[in-house]
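Q: My structure is below; once you've seen it, I'll send some questions.
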Amino acid sequence: MIDLLNTGLDLNGIWWWLFLWPPSLWFVRRVYRETRPPITARARLALQLLRSLTLSLLLLLLATPMLSYIVQQARYPGVVTLIDNSQSMSIREGGSSRWSTVVDSMSSDLGETLQRSIVGTFAEQPHLSRWKVATEAPPDGHATDIASALAQAPRWGVDTQRLHAVILISDGRHNLGADPTMVAQNLGVPVHTLGVGSATSPDDIQIVSVEAPATVFSGRGASLDLELRQWGFEGELVQVDIFAQDSLVASVERPLDTAGEISSTQIALPPLSAGLQSLAVQIRPRIGEITQDNNIETIFVLVRPHRLRVLVVAGGPSADFAFLRRTLAADSSLACQFHVMGFQDELVSQDLSEVDVLVLHDPAPTQISSVDDVIHQFVLTGGGLLFIAGERLSSSGGAAPSALPLLIPAAALKTSDHPLQVAQHGHHHPALRSPGSEVAGWSALPPLLGVAAGLRQSTDSTVLLEAGGAPVATAASVGGGRVLSVIGSGFWRLDLLASGTGESPQMVRRFWRQSVQWLGLTDAARRVRSHPEARVVKHGQTAQVQIEVFDELMQPFGDAQFEFQLNGQQHVPSLQRLGSGRYLASWSNLQPGEYSYELRALAQGNVLGEDTGRFVIAEQSIEMSDQRRDDALLRRISQASGGEFRPLSQWRQLADRLAPPPVLALDARENGVEISQSWWLLVLIVSLCGEWVLRKRWGLL
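Next up, the structure:
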């Protein structure tokens, strides 16, 4: 913002020369009082005027007067004010909501201090606003992304002037997007944070999380892992009810632990029928709770009719096979048979019709070639194959090319210089899905003992894991089945060292278990397959569905168009192409409730296939998971950017930094009239010549 401070005219020169002007005029009058020969009074007056003009111009040239036009402008430093209008700002404390506290502050001195700043509001996304609109609209955002708001601030500030500072008014309940501390650190300007609300939690009981077993079997009981947290009800009994299709199936009472601490408990479930079951876990509300939105959570439980039947065949004993055997045997959802090949044994000697997943661990090349057709037919008819190539296969020079998309080494394995990392399209694959941030933990582990230097790799496979750009694990769909191929040795060592790096020792084991479970899915024969990334999504988060599309030959199809319906109504999501016939559909800002989706894949108007599924937007908003003002996060944001943190009530301590004084942006002086210019000399010469001509004409001496 620019203000005009001063404007006007300024006249400068060596003015003492002008003191000679009256004597000069007197001298001219004296000289021309009498002339020889005498001339008329009019002629004498003309000569006096020309002589006076000449002397006056000479004095002005000596005085060098200059008339200037002065302009001064001040620029106010660019400041962007970001106001949090997410749902947590509607929490009432001390008889008024956090939002009304912000509005009252803006209506008084704080509003006057920040009146020159650019204002924006944010919840899930930032929006440029005006002061009147920003404070009139009630908070309605279902999540808080402080990082995206900070990243947007420079784009607003640079429109008219360079950004000088950012003012963040929020309760700090960041629950969506990137780390705002890192964004603030890279912003290049100080971020001053004003905390809204109380740092002490109001009375409340909330469900933090509910986790069901990965697989539940029909006719068998199971249990849910429940985490609770409370403030203000320490030691009191709370009743937890579980409903399936609106029918009460389980109920338990337990005492509440220390305020603010997460307490865990298990709730036994009765036997459930096969299929996808929706369970609602509910805490009976208590008088005095600030909100009851976080007292209920819905989850989906997949109830299978029987355990997956897995046949594991190893080309010979090894440390990696022993580790794989222990990992799969510990999974109660798998019914595993293990067989280690002898010298004369056939690789697959039994009928595979009773097998859901076949695991081949490091067989010899001759063992593969003899049964390649049998295994190929097994996959085409809907079976799942986990193929692991290790030291035995690679030291024998590899194997003949297979009709299946397998990673087959062409030479002996070598120690890698690069740790494993999740490939670009591997993050969304079910084999690598984890409840936390373990996907990034692969790169923290040491390299494998052996990786392949040369590979025969199918172009239709999706790379899941890689080391130094070389694929280590790939996944593909073939016919009605699926194939997951892994090459390398030393996975047992990664599991052993995982706890030494601070990572979860379950990471490698989870990869093997989830790979087998993905291979055993029963939908592999369909040309269009979909599954929700999370079957239960908290209000304010994005619901995502991953889709796989195949052509008539069951090859991945990467150029499909889609038609979507949610609960019978057309609802177009944002669509991301993941490669190898995989897509990710995302719906944002859905209201709480249960959603059934129907999708149709098309190519040039022809229908490739259809699929359906379900997910739930939970009533509990992520905004209500923790209702305290997060002073720690607001301080970190300020410290990382060179700003300061204060509670909103103490904003006057930062008044000078919230509204920095203006700086002189323009001090211009334009010369309007300058006597020393050449045309003034021309007037002087004309005046002298005129006087000389007239004197000669009238015969004056």
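Residue 465 is where the sequence shown starts when you use the numbering used here, and the numbers rise one by one after that. The beta carbon of each residue, even a glycine, is placed where N, CA and C say it ideally should be. Small disclaimer: the values here were computed from a predicted structure and weren't measured.
(1) Can you give, in chain order, each stretch of the beta strand (DSSP E) that sits fully within the stretch 782-837 and has at least 3 residues?
(2) Do the CB positions of isoleucine 754 and isoleucine 555 come within less than 9 angstroms of each other?
(3) Using CA atoms only, rank isn't needed, just tell me which of Val1157, Leu1164, Val1147 is closest to leucine 521.
(4) According to DSSP, which residues form a beta bridge with phenylalanine 1079?
(5) Could you give the distance in angstroms between the alpha-carbon of aspartate 795 and the alpha-carbon of phenylalanine 975?
(6) For valine 674 and alanine 778, what's the separation of their Cα atoms in angstroms?
(7) If contacts are defined as beta-carbon pairs under 8 angstroms, then serine 797 and arginine 771 qualify, I think. What distance do you get, rounded to the angstrom?
(8) Is the stretch 988-1004 in contact with the stretch 939-951, if contact means three or more CB pairs nearer than 8 angstroms?
(9) How would you call histidine 825, buried or exposed, if buried means at least 16 neighbouring beta carbons within 10 angstroms?
(10) Could you check the C-alpha separation between tryptophan 906 and phenylalanine 955 for me, to the nearest Å?
(11) Using alpha carbons as the reference points, say which of Gly575, Gly739, Glu557, Pro1125 lies closest to leucine 662.
(12) Taking 9 angstroms as the cut-off, decide whether the C-beta atoms of arginine 1226 and glycine 559 are in contact.
(13) Output the residue ranges of the beta strand (DSSP E) runs that lie fully inside the stretch 481-555 and measure 3 residues or longer, sorted by chain position.
(14) Please determine, among Leu1030, Arg1161, Ala1119, the residue with the shortest C-alpha to C-alpha distance to leucine 658.
(15) Going by DSSP, what residue range makes up the beta strand (DSSP E) through arginine 768?
(16) Kindly indicate the opening and closing residues of the alpha helix (DSSP H) around glutamine 649.
(17) Leucine 640 and threonine 679 look like a contact to me (Cβ under 8 angstroms); what is the Cβ gap, rounded to whole Å?
(18) Helix, strand or coil for serine 901? Go by DSSP, reduced to three states.
(19) Can you find the residues in the same chain that come closer than 8 angstroms, C-beta to C-beta, to leucine 961, ignoring five residues on each side of it along the sequence?
(20) Going by beta-carbon coordinates alone, are tyrosine 1059 and isoleucine 1081 separated by less than 9 angstroms?
(21) By DSSP, does histidine 840 sit in helix, in strand, or in coil?
(22) Taking only three categories from DSSP, how would you classify leucine 962?
(23) By Cβ distance below 7 angstroms, which residues in the same chain neighbour glycine 932 in space, the five residues on each side in sequence not counted?
(24) Using a 10 Å radius around the Cβ and a threshold of 16 neighbouring Cβ atoms, would you call serine 901 buried or exposed?
(25) Name, in chain order, the residues that DSSP records as bridge partners for valine 776.
(26) Look at leucine 1072 and phenylalanine 1021 and say whether their C-beta atoms are less than 9 angstroms apart.
(27) Pick helix, strand or coil for proline 894, following the three-state DSSP scheme.
(28) What three-state label does DSSP hand threonine 577 in the structure shown?
(29) Can you give me the C-alpha to C-alpha distance between glutamine 841 and serine 859, rounded to a whole angstrom?
(30) So what does DSSP say about arginine 718, is it helix, strand or coil?
(31) What's the gap between the Cα of glutamine 1008 and the Cα of arginine 619?
(32) Can you tell me where the beta strand (DSSP E) with glutamate 930 in it begins and where it stops?
(33) Which stretch, first to last residue, makes up the alpha helix (DSSP H) that contains glutamine 1188?
(34) Could you give the distance in angstroms between the alpha-carbon of serine 550 and the alpha-carbon of serine 581?
A: This is what the structure gives:
(1) Whole beta strand (DSSP E) segments, 3+ residues: 798-804, 821-825.
(2) Contact flag set, yes.
(3) Looking at the Cα atoms, Val1147 is the closest of the given residues.
(4) In the DSSP assignment, phenylalanine 1079 is bridged to Tyr1059.
(5) When rounded, the separation of the alpha-carbon atoms in aspartate 795 and phenylalanine 975 is 12 angstroms.
(6) Straight-line measurement puts the Cα of alanine 778 at about 38 angstroms from the Cα of valine 674.
(7) That pair is a contact at about 6 angstroms.
(8) Between the stretch 988-1004 and the stretch 939-951 there are three or more C-beta pairs closer than 8 angstroms, enough to call the two in contact.
(9) Buried is the call here.
(10) Roughly 12 angstroms separates the two Cα atoms.
(11) In the sequence under discussion, the amino acid at residue 662 is serine, which differs from the leucine named in the question. Nearest option by C-alpha distance: Glu557.
(12) Since the first residue shown for the chain is 465 and the last is 1165, residue 1226 is missing from the structure and cannot be characterised.
(13) Here the runs fully enclosed are 530-539, 542-548.
(14) Check the Cα spacing between leucine 658 and each of Leu1030, Arg1161, Ala1119: the tightest is with Ala1119.
(15) That run of the beta strand (DSSP E) goes 760-768.
(16) Counted as a single uninterrupted DSSP element, the alpha helix (DSSP H) harbouring glutamine 649 occupies residues 644-649.
(17) About 30 angstroms separates the beta carbon of leucine 640 from that of threonine 679, a gap too long to meet the 8 angstroms contact definition.
(18) Reliability of the predicted coordinates at serine 901 is poor, the pLDDT of 49 falling under 50, and no value is obtained from them.
(19) The answer, listed in chain order, is Leu909, Pro910.
(20) In contact: tyrosine 1059 and isoleucine 1081 (Cβ atoms closer than 9 angstroms).
(21) Helix.
(22) Looking at the sequence provided, one finds alanine at residue 962 rather than leucine. Assigned with DSSP and collapsed to three states, alanine 962 falls in helix.
(23) Only Ser880, Asp881, His882 meet the Cβ criterion.
(24) Residue placement at serine 901 cannot be trusted, given a pLDDT of 49 that sits under 50; what the coordinates show is reported in the next sentence. Under this definition serine 901 is an exposed residue.
(25) Answer by DSSP bridge pairing, in chain order: Phe802, Val823.
(26) Their beta carbons are under 9 angstroms apart, which means leucine 1072 touches phenylalanine 1021 by this criterion.
(27) Proline 894 carries a helical assignment under DSSP once its states are collapsed to helix, strand and coil.
(28) Reduced to three states, the DSSP call for threonine 577 is helix.
(29) In a straight line, the C-alpha of glutamine 841 is about 28 angstroms away from that of serine 859.
(30) In the structure shown, arginine 718 sits in a strand (DSSP, three-state: E or B).
(31) Approximately 29 angstroms between the Cα atoms of the pair.
(32) In the DSSP annotation of this structure, the continuous segment of the beta strand (DSSP E) that includes glutamate 930 starts and ends at 926-931.
(33) With the chain covering only 465 through 1165, there is no way to say anything about residue 1188.
(34) Looking at the two C-alpha atoms, the distance is approximately 21 angstroms.
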